[in-house]
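J.: I'd like to ask some things about the structure below.
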Amino acid sequence: MSFPSILFPTVDDEAAAAEAGQREPDYFPDLHLDQIVAALTEGREEYDLAPFFRARLRSVPAVLYRHEVFRDLQDDVLLAGLRHFAKQMSQVRDRLTRATWLRHRYQQRSWNLQAAAAYLDAVVALEQTLRTAHLRSHGLRDVAHDLAQYTRSQTVAELRADTERVQQLLASVRHCLCLDGARVKVTRYDAEADFSAEVVAAFEKFKQAEVKDYRATFRDFPDMNHVEEAILDRVALLYPAVFEALDDYHARYATFVDPGVETFDREAQFYLAYRALIAPITAAGLALCLPRVSDRSKQIAGHDVFDIALAHKRVGEHLPVVPNDFRLQDLERIFVVSGPNQGGKTTFARTVGQLHHLAALGCPVPGRQAQLLLCDQMFTHFERGEDQDLGGKLRDDLVRVHDILERATGDSILIINEVFTSTTLRDAVVLGTHVLEKICAMDALCVCVTFVDELARLGPATVSMVSTVVPGNPPQRTYRIVRQPADGLSYAMSLAQSYGLTSPQLLARITAHPAESTVR
């Protein structure tokens, strides 16, 4: 059967995502999205989930389609049912894979039979889970309908009947081994007495205390050695009808996993992986939400938002995470973020970029509330780590920014972090002003982290955001990014004052200790 997708509402959406997911977007490392995807896919390599998390959806209806599924998965019973199904399907694949490693054909076919039995249990349990859940999403409701038809189909009925029949036949096989030195004789079991129970019972009365067990143990790996294989061949000769039935079963059901079920299993991992990632984050008290998404409105906002890659790391280390707020309204398009170093400016910029990528995946985003743009492209410019002379760095900045401005449109989002730091302040003001004016002219959204306060006052399109410090203790950062006019001078003065380096403080110290010719 062809089950409906729970990731894509249309074939066109699926095709576009398949193409976009083939390569990692250029902005991934800058926004630490590569770390997020690594965490999402760890332990789930068999599903090849990375393409799903790379490809942004292109339409609001496609985003809302996934929102519906995430809302359904707030039901813990449904979530547990999907996890159980995924575990069962993993066992099916494991048995099928092991069957290909084994040498003996009857052992291979036995593992294939076990895999089929596990598969039937998995799809029946999944059908019951979906049937009893209160589903509201179009995707899961459609899957539930089609899966009910599949589990009641003639195809599944025949597979179940044949599987149970062959299992019963194999269970009926009983044989005896007669050991005489190096000779092994295999015969049918003919109601011979089992003396092992009598021997155990006879010696039980002499048992006084637990002693060391000197009995040999059998190997726990599935491969048979040549003796075991020879014994199995002779058992097959003793029960030809049973093993002929096993041969026929294998010929008929060499492949039995429905492609639709297989696709559902993989697509469900998208949701299960994301739920697993955010579970410890929400348990730590941080909020995630399904954002309002628009492909037209550039009025974006976020309340208590945070860097999810940083949160994933800090929550694991039992460290706090500081959330922030932002908004752009009316003609505002550009956040100009300034303030002291190591104050959370770059983290804030990453957060805005992460929010828009995750929103375009249809995933919950970090924050209590969010209203975001479904952009056509995202671009980042972060300082590169290569060692180079200052002229080379400036040239590199100019080339990279020029390329971004050539490719960006009015529906794009740009994240620019500390550009033109290698030149003089005057040149940085001129170049930064030119870049932001270009962005304003194309009406794109932008986050610009800069040491140039003048850029925050270019016009109505720019909004000044400042990283703050603890009042009275400027060296201590709050990691809060607030909407206020840039005032780097006042921060510098506070910092100088805290170290006793203002002009009045220096004069007072020199006057008090004229013999001292140096200043700490």
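Once you know that position 245 of the sequence shown is 237 in our numbering, the rest is easy, because the numbers rise by one and skip nothing. Don't be surprised by glycine CBs; every beta carbon is placed ideally from N, CA and C.
Please report how far the alpha carbon of Gly308 lies from the alpha carbon of Ala275, in whole angstroms.
T.: Locating residue 308 in the sequence shown gives position 316, counting from the first residue. Locating residue 275 in the sequence shown gives position 283, counting from the first residue. So the alpha carbons of these two residues sit roughly 11 Å apart.
J.: Quick test of your reading: Ser438 and Val357, contact by CB under 8 Å. State the CB separation rounded to the nearest angstrom.
T.: Sequence index remark: in the sequence shown, residue 438 carries index 446 (1-based). Sequence index remark: in the sequence shown, residue 357 carries index 365 (1-based). The residue asked about is misnamed: residue 438 is Cys in this sequence, not Ser. Going by Cβ atoms, the distance from Cys438 to Val357 rounds to 19 Å, so no, they are not a contact pair.
J.: Please name the residue in Val427, Ser330, Thr413 and Val29 whose C-alpha comes closest to that of Gly13.
T.: The residue labelled residue 13 in the question sits at position 21 within the sequence shown. The residue with the shortest Cα to Cα distance from Gly13 is Val29.
J.: Please report the residue range of the alpha helix (DSSP H) in which Thr89 lies.
T.: Within the sequence shown, numbered from 1, the residue matching residue 89 stands at position 97. Counting along the chain, the alpha helix (DSSP H) containing Thr89 begins and ends at Asp68 to Trp93.
J.: Short of 7 Å in beta carbon distance, which residues of its chain neighbour Thr470, apart from the five on each side in sequence? Order them along the chain.
T.: As a position in the sequence shown, residue 470 is number 478, starting the count at 1. Result list for Thr470: Thr460, Val461 and Val462, in chain order.
J.: Excluding sequence positions up to five away, which residues of its chain have a Cβ less than 8 Å from the Cβ of Val52?
T.: Within the sequence shown, the letter at position 60 stands for residue 52. Hits under 8 Å: Val285, Ser286, Asp287 and Leu366.
J.: Quick check: Ser330 and Thr442, are their CB atoms within less than 7 Å of each other?
T.: Numbered from its first residue, the sequence shown carries residue 330 at position 338. Numbered from its first residue, the sequence shown carries residue 442 at position 450. Yes. Within cutoff.
J.: Which same chain residues end up closer than 8 Å to Ser164 when comparing Cβ atoms and leaving out the 5 residues on each side of it in sequence?
T.: Sequence index remark: in the sequence shown, residue 164 carries index 172 (1-based). Result list for Ser164: Val234, in chain order.
J.: Got a sec, what are the start and stop residues for the beta strand (DSSP E) Met457 sits in?
T.: As a working note, residue 457 is residue 465 in the sequence shown. First-last of the beta strand (DSSP E) with Met457: Thr454 to Val462.
J.: How would you call Gly35, buried or exposed, if buried means at least 16 neighbouring beta carbons within 10 angstroms?
T.: Position 43 of the sequence shown, counting from 1, holds the residue named residue 35. Gly35 should be labelled exposed.
J.: For the beta strand (DSSP E) that contains Tyr471, what are its first and last residues?
T.: In the sequence shown, the residue the question calls residue 471 occupies position 479. It spans Asn465 to Arg475 - the beta strand (DSSP E) in which Tyr471 sits, taken as one unbroken run.
J.: Pick helix, strand or coil for Arg226, following the three-state DSSP scheme.
T.: Counted from its first residue, the sequence shown places residue 226 at position 234. It is helical.
J.: For a minimum of 4 consecutive residues, which ranges assigned as the alpha helix (DSSP H) are wholly contained in the region 283 to 343?
T.: Counting whole runs of 4 or more residues, the region 283 to 343 contains the alpha helix (DSSP H) stretches 300 to 308.
J.: Count the C-beta pairs between the region -7 to 9 and the region 213 to 230 that are closer than 8 Å, then say yes if the count reaches three, no if not.
T.: Touching, no.
J.: Suppose the cutoff is 7 Å on Cβ atoms and the five residues either side in sequence are ignored; what does the same chain contact list for Gln334 look like?
T.: Position 342 of the sequence shown, counted from the first residue, corresponds to residue 334. Counting only Cβ-Cβ distances below 7 Å, and skipping sequence neighbours, we find Arg469.
J.: Decide if Phe262 is buried, meaning its Cβ has at least 16 other Cβ atoms within 10 Å, or exposed.
T.: Position 270 of the sequence shown, counted from the start, is the residue given in the question as residue 262. Buried.
J.: Report back the beta-carbon spacing between Ala400 and Phe374 to the nearest angstrom; my notes put them in contact at under 8 Å.
T.: Locating residue 400 in the sequence shown gives position 408, where the first residue counts as 1. Locating residue 374 in the sequence shown gives position 382, where the first residue counts as 1. Their Cβ separation, rounded to whole angstroms, is 16 Å, which puts Ala400 and Phe374 out of contact at 8 Å.
J.: By the DSSP assignment, the alpha helix (DSSP H) with Arg267 in it spans what residues?
T.: Counting from 1 along the sequence shown, the entry for residue 267 is found at position 275. That run of the alpha helix (DSSP H) goes Pro251 to Ala275.
J.: Quick check: the Cα distance between Leu428 and Thr413, rounded to an integer number of angstroms?
T.: Stepping through the sequence shown from its first residue, residue 428 is reached at position 436. Stepping through the sequence shown from its first residue, residue 413 is reached at position 421. Approximately 16 Å between the Cα atoms of the pair.
J.: Helix, strand or coil for Ala243, going by three-state DSSP, please let me know.
T.: Against the sequence shown, residue 243 aligns to sequence position 251. In the structure shown, Ala243 sits in a helix (DSSP, three-state: H, G or I).
J.: Residues in the same chain with beta-carbon distance under 6 Å from Asp419, minus the five sequence neighbours each way, listed in chain order, please.
T.: Numbered from 1 along the sequence shown, position 427 holds the residue referred to as residue 419. None.
J.: Say whether the region 67 to 80 touches the region 120 to 128, bearing in mind that this needs 3 or more beta-carbon pairs closer than 8 Å, one atom from each stretch.
T.: Short answer: they touch.
J.: Just how far apart, CA to CA, sit Leu162 and Arg152?
T.: Here residue 162 corresponds to residue number 170 of the sequence shown, with the count starting at 1. Here residue 152 corresponds to residue number 160 of the sequence shown, with the count starting at 1. About 15 Å.
J.: Could you have a look at Cys432 and say whether DSSP puts it in helix, strand or coil?
T.: As a first step, residue 432 is located in the sequence shown; it is residue number 440 there, counting from the start. Residue state, collapsed to three classes: helix.
J.: Bridge partners for Leu280 per DSSP, in chain order?
T.: To locate residue 280, count along the sequence shown from 1; it is residue 288. In the DSSP output, where bridge partners are listed per residue, Leu280 has Pro358.
J.: Mapping the DSSP letters down to three states, classify Val422 as helix, strand or coil.
T.: Walking along the sequence shown from the start, residue 422 turns up at place 430. Here Val422 sits in helix by DSSP.
J.: Could you have a look at Leu406 and say whether DSSP puts it in helix, strand or coil?
T.: For this step, residue 406 is matched to residue 414 along the sequence shown. Leu406: strand per DSSP, three-state reduction.
J.: Using the three-state DSSP reduction, which class does Arg449 fall into: helix, strand or coil?
T.: Mapped onto the sequence shown, residue 449 falls at position 457. In the structure shown, Arg449 sits in a helix (DSSP, three-state: H, G or I).
J.: I think Glu254 touches Ser(-3), with their Cβ atoms under 8 Å apart; what is that distance to the nearest whole Å?
T.: Position 262 of the sequence shown, counting from 1, holds the residue named residue 254. Position 5 of the sequence shown, counting from 1, holds the residue named residue -3. Actually they do not touch by this definition, with Cβ atoms about 12 Å apart.
J.: Would the region 10 to 25 count as touching the region 224 to 242 if we require 3 or more Cβ pairs under 8 Å?
T.: No, because fewer than three Cβ pairs between the region 10 to 25 and the region 224 to 242 fall closer than 8 Å, the two stretches do not touch.
J.: Taking Ile300 and Gln346 to be in contact with their CB atoms under 8 Å, please state how far apart those CB atoms are, rounded to whole angstroms.
T.: The sequence position of residue 300 within the sequence shown is 308, counting from 1. The sequence position of residue 346 within the sequence shown is 354, counting from 1. Contact flag correct, Cβ pair sits at about 6 Å.
J.: Opposite Phe371 in the DSSP bridges: which residues?
T.: Here residue 371 corresponds to residue number 379 of the sequence shown, with the count starting at 1. Beta-bridge pairing links Phe371 to Leu406.
J.: Cβ of Arg180 within 7 Å of Cβ of Leu230?
T.: Numbered from 1 along the sequence shown, position 188 holds the residue referred to as residue 180. Numbered from 1 along the sequence shown, position 238 holds the residue referred to as residue 230. Taking 7 Å as the Cβ cut-off, Arg180 and Leu230 qualify as a contacting pair.
J.: With 16 other CB atoms within 10 Å as the buried threshold, where does Asn316 fall?
T.: Along the sequence shown, read from residue 1 onward, the residue named residue 316 stands at position 324. Buried, because 16 or more other Cβ atoms sit within 10 Å of the Cβ of Asn316.
J.: By the 10 Å Cβ neighbour count, where 16 or more other Cβ atoms means buried, how is Lys290 classified, buried or exposed?
T.: Walking along the sequence shown from the start, residue 290 turns up at place 298. By the neighbour-count rule (16 or more Cβ atoms within 10 Å), Lys290 is buried.
J.: Roughly how many angstroms lie between the CA atoms of Asp435 and Asp403, to the nearest whole one?
T.: Here residue 435 corresponds to residue number 443 of the sequence shown, with the count starting at 1. Here residue 403 corresponds to residue number 411 of the sequence shown, with the count starting at 1. Looking at the two C-alpha atoms, the distance is approximately 8 Å.
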